[in-house]
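Heads up, the sequence shown is in my numbering, so the first residue is -16 and it goes up one at a time.
Okay, so here's the structure we're looking at.
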Amino acid sequence: MIESLNENYWTQRYENNQTGWDIGHVSTPIKDYIDQLRNKDINILIPGAGNAYEAEYLWKQGFKNVWVIDLSKTPLDNLQSRIPDFPASQLIHGDFFEHQAQYDLIIEQTFFCALNPTMRTDCVAKMHELLVDGGKLVGLMFKIPLNATHPPFGGNEEEYRSIFSPYFKIEIMEEAYNSIPPRSTNELFVKMIKA
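Written out as structure tokens, the structure is:
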């Protein structure tokens, strides 16, 4: 049986430093993607952002329209302490599925694998809803089976394609060539356009 993945669950994980997925910096594939972006005025969302190293990196590169959302306030406070001038109004303590706004880009980094797998189709539909026409979903997904009863939950390319293809044009879904060593050969880099 899958544990209840509510706010209390995630807050306890952060407060007890049970965050094995947290690498302490932006992952190389996402950093490399960010580095090629030219328009720094785009609206970016990072759902289930956790400690949001991607948001920190974006902010330091001059992207100011960055929003992060997480069920737990603890990692949002961690980001605020690292970047005191990051606008509190762009740190959303709440439920991704209830969020209402429009974004040009959604960055996926360990959010999808943290959700109960029964929620995956709803998650993809919500990402589609939150993106403007032509908006992009970019990020990393585990391409291996992981845990059955608790996050992170893994998956495979075939499963992901079946879930995402009704909502997105999949431009890239391939093994990330530049993953950090502990995740080498275990991640798919994805770039999808809202269909």
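Cβ coordinates follow ideal geometry from the N, Cα and C atoms, glycine included.
None of these values were measured; they are calculated from a predicted model.
Taking 9 Å as the cut-off, the beta carbon of Val49 is found no closer than this to the beta carbon of Ile13.
For Asp60, the secondary structure class from DSSP, reduced to helix, strand or coil, is helix. Beta-bridge annotation (DSSP): Tyr86 is paired with Leu114. Uninterrupted alpha helix (DSSP H) stretches at least 4 residues long and entirely within the stretch 6 to 59 occur at 11 to 18 and 36 to 43, given in chain order.
A straight line joining the alpha-carbon of Phe46 with that of Ile127 spans about 32 Å.
Rounded to whole angstroms, Glu154 and Arg103 show a C-alpha spacing of 20 Å.
Collapsing the DSSP output to three states places Gln92 in a strand. If you ignore the 5 residues before and after Tyr40, its C-beta comes within less than 7 Å of the C-beta of Val9, Lys14 and Ile17, all in its own chain and listed in chain order. Inclusion of Gly122 and Glu91 in the CB contact set at 9 Å is warranted, their separation being smaller than that value.
Going by C-alpha positions, Lys119 is about 34 Å away from Asn(-1).
Pro67 and Trp42 have their C-alpha atoms spaced approximately 11 Å apart. Inclusion of Asn61 and Asn34 in the CB contact set at 9 Å is warranted, their separation being smaller than that value.
Secondary structure at Ile75: strand, using DSSP grouped into helix, strand and coil.
Taking the Cα positions, Ala178 is about 19 Å away from Phe95.
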